[in-house]
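In full-length UniProt numbering, the protein residues as written are 1 to 692.
Glycine included, each C-beta is placed from N, C-alpha and C at the ideal position.
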Amino acid sequence: MSDYLVIVESPAKAKTIERYLGKKYKVKASMGHIRDLPKSQMAVDVENEYKPKYITIRGKGDILKELRSAAKKAKKIYLAADPDREGEAIAWHLAHILNIDENSKCRVVFNEITKDAVKESFKHPRSIDEGLVDAQQARRILDRLVGYNISPLLWKKVKKGLSAGRVQSVALKMIIDREKEIENFKPEEYWSIDADFLKDKEPFKGTFYGVNGKKKELKTEADVKEITSQLDSNGFLVDKVKKRERKRNPAQPFITSSLQQEAARKLNFRAKKTMMVAQQLYEGIDLGKKAGGTTGLITYMRTDSTRISETAKEEAKTYIEEKYGKEFLGGNKAVKNSEGAQDAHEAIRPTSALRDPKSLKDNLSRDQYRLYKLIWERFLASQMAPAVMDTMTVHLTNNGVEFRATGSKIKFKGFMKVYVEGNDDNKKEEDKLLPELEEGMTVKAEEIKPNQHFTQPPPRYTEARLVRTLEELGIGRPSTYAPTLDTIQRRGYVSIDNKRFLPTELGTIVSGLVEEFFPEIISVEFTAKMEEDLDSIEEGKSQWIKVIDNFYQGFSKRLETAEKEMEKVEIKDEPAGIDCEECGHEMVYKMGRYGKFLACSNFPDCRNTKPILKEIGVKCPKCKEGNIVERKSKKRRTFYGCDQFPDCDFVSWDKPISRPCPKCDSLLVEKRKKKETQIQCTNCDYEESAQS
């Protein structure tokens, strides 16, 4: 018989904690929630203060029986679910089921699963936080009221299997609005003038700035000709040289959203995958007996706080000083959290800075290692000294026409020795050096090149960019980003092309109906305000029943109107203009989970279906008769194959291009290499840049 029973969510977490606590403690896993709202019904009594009806989750009977049996034998029960609203709700449900007084000191929370953190937390148990529970319960009830009222309406008016949630509807609307911006975008012409300068056989580049000290925009070719006609020779006077030292500070340690963004940029991880691997690192990895057995490697991964404990700072300081030297130590500058951050936890960091990624490589899977390395490097860099750059700006003039050249050199790497934050444009960090130039000297312009440009539409959202925008707008919270993006993809409301979201026809129809009849659900301002209200409930400043009632009174009226006025939308099958090769009936375009596909109009008697193939204008190099088409794998990854399949089995992950290799006449393909696209031969060593 154990003196104490500890209940956590997962077996991995249970195993780690039990080893830390010793023989007097028995640690069991609830496998997540034990109770929840039933899936088969609304389960919210709107006539009785929105009272929820909870049931034991199907399949959890044996687990519950085991927990009840263990609870009877224990002198004391501790509930140690994750340290957030969801974890607090799990603890609250367990307290009800196991007849634990929620006002007793039964709740234990820790931000990291390490021996010291776990043991210390058991010295300070607390009662269940009513504010956290109420905030989580309010979110579940709000989402249930929205989803279980609008979804059946969409089933009746559009088709079965659709859904509309609070946050997912806003995210979908943002993707659709961006697509409309791109469709309506009208490019505008503009020009630039570049110059290749030479100083004592040292080349450098400059760009046109303006005339007589004033900046001038070049909108047409005529503007360019006017400027070039003013130049009286190819000699330019070095009119001004500005040299200065610039400091660049490191990025703050990760919060949930920034981790998801950076993992997408650098590791090509989807948000869902990032959170799954981070959960594994948090709950514990077996490092072997010599290294302390199963150990949590990172702090809790659902956080919007950049706060770091003093202990972690000191450990990082020790590592940096020993590994790189005192000059690489950062100052103790206070970091301010973003507005609205809860600050309930620390930032996402390694539980020990002394545990460098190389030392753990043999104990981690490839994905675990890559994500841990990213988190470790970001944290360590955040505690390091700024990088110091020497910058130089040169003003070059010819008859009043001014060009400018800029250069920079890393004088002291500082934090860049360990880590540099990624960017969405994949721009590289590199020195851009200028020769030594002094005011009054003359340099020669070897070539002056006008360049025509056109303004570009805003880019489509990647997962990383959408998460960042949702966070900036105050929509959702750390725990909601990954599920939201996953839902709109599973429902077939968006597809992904080149890692960017594209709204499907189905997504556009659903979003249009929700916007017409429930404008508040799709409003950015309303959704952000609702998040603030949930935070207010958590802090004990608002009553959850009142917050829900304020929302539901208006929502229920809109629901009545929609039931009467929303017209049935028929998604008609479009004729494809080709016959089914199996039965001879006409093929039609149908709407599916991932967009349109070809199907036989004689369904269900004939079940022939085919994907819509996108030709890329390249003949098959294998059979010489077919055309190369773009296809999707089961995991929605793009690849290229012959349209004569299965008669021809040519496939390629890299995109073939239409011209042959100039060296051996074989197939050329586009290949991503170190974040740049290159054209390579599939047979010989020929390669070229794809910039042109």
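Beta-carbon separation (whole angstroms), residue i vs residue j, contact threshold 8 Å
i: residue 695; j: residue 502; result: Within the shown structure, residues of the chain are numbered from 1 to 692, placing residue 695 beyond reach of any answer.
i: residue 547; j: residue 537; result: 6 Å
i: residue 481; j: residue 260; result: 6 Å
i: residue 587; j: residue 600; result: 6 Å
i: residue 384; j: residue 420; result: The pair is not a contact, with the Cβ atoms about 12 Å apart (cut-off 8 Å).
i: residue 181; j: residue 519; result: 20 Å between Cβ atoms; not a contact.
i: residue 234; j: residue 445; result: 5 Å
i: residue 648; j: residue 666; result: 17 Å between Cβ atoms; not a contact.
From the options, residue whose alpha carbon lies closest to that of residue i
i: residue 646; options: 584, 622 and 661; result: 622
i: residue 137; options: 53, 650 and 223; result: 53
i: residue 21; options: 41, 94, 66 and 121; result: 121
i: residue 441; options: 396, 662 and 546; result: 396
i: residue 303; options: 42, 366 and 282; result: 282
i: residue 550; options: 347, 533 and 201; result: 533
i: residue 497; options: 142, 179, 185 and 17; result: 179
i: residue 228; options: 14, 402 and 310; result: 402
i: residue 368; options: 224, 133 and 273; result: 273
i: residue 87; options: 289, 618 and 34; result: 34
i: residue 471; options: 256, 12 and 453; result: 256
i: residue 292; options: 113, 183, 268 and 213; result: 113
i: residue 508; options: 379, 231, 173 and 65; result: 173
i: residue 433; options: 392, 624 and 276; result: 392
Reduced DSSP secondary structure (H/G/I, E/B, other) of residue i
i: residue 23; result: coil
i: residue 108; result: coil
i: residue 550; result: helix
i: residue 653; result: coil
i: residue 679; result: strand
i: residue 462; result: strand
i: residue 15; result: helix
i: residue 669; result: strand
i: residue 29; result: strand
i: residue 627; result: strand
i: residue 588; result: strand
i: residue 303; result: coil
i: residue 469; result: helix
i: residue 167; result: helix
i: residue 599; result: strand
i: residue 379; result: helix
i: residue 483; result: helix
i: residue 346; result: coil
i: residue 604; result: coil
i: residue 43; result: coil
i: residue 612; result: coil
C-beta contact flag for residue i and residue j at 8 Å
i: residue 504; j: residue 492; result: yes
i: residue 487; j: residue 165; result: yes
i: residue 629; j: residue 639; result: no
i: residue 169; j: residue 522; result: yes
i: residue 611; j: residue 631; result: yes
i: residue 299; j: residue 285; result: no
i: residue 579; j: residue 590; result: no
i: residue 694; j: residue 9; result: Given that the chain is displayed from residue 1 to residue 692, the structure contains no residue 694 and the question cannot be resolved.
i: residue 70; j: residue 105; result: no
i: residue 264; j: residue 463; result: yes
i: residue 193; j: residue 208; result: yes
i: residue 306; j: residue 253; result: yes
i: residue 4; j: residue 115; result: no
i: residue 422; j: residue 387; result: no
i: residue 199; j: residue 459; result: no
Element boundaries [beta strand (DSSP E), containing residue i]
i: residue 453; result: 442-454
i: residue 502; result: 500-503
i: residue 237; result: 235-248
i: residue 392; result: 387-398
i: residue 190; result: 189-199
i: residue 77; result: 76-79
i: residue 575; result: 574-579
i: residue 5; result: 4-8
Endpoints, the alpha helix (DSSP H) within which residue i is located
i: residue 530; result: 524-538
i: residue 207; result: Careful: residue 207 lies outside any alpha helix (DSSP H), inside the beta strand (DSSP E) at 202-211.
i: residue 475; result: Looking at the DSSP string, residue 475 is not in any alpha helix (DSSP H), and its letter there is neither H nor E.
i: residue 637; result: Looking at the DSSP string, residue 637 is not in any alpha helix (DSSP H), and its letter there is neither H nor E.
i: residue 147; result: 130-157
i: residue 272; result: 271-283
Residue i at chain D interface by Cβ criterion, 8 Å
i: residue 487; result: The structure shown contains no chain D; it holds only a single protein chain.
Residue i beta carbon near the ligand SAM (any heavy atom closer than 7 Å)
i: residue 82; result: Ligands displayed in this structure: none; no statement on the ligand SAM is therefore possible.
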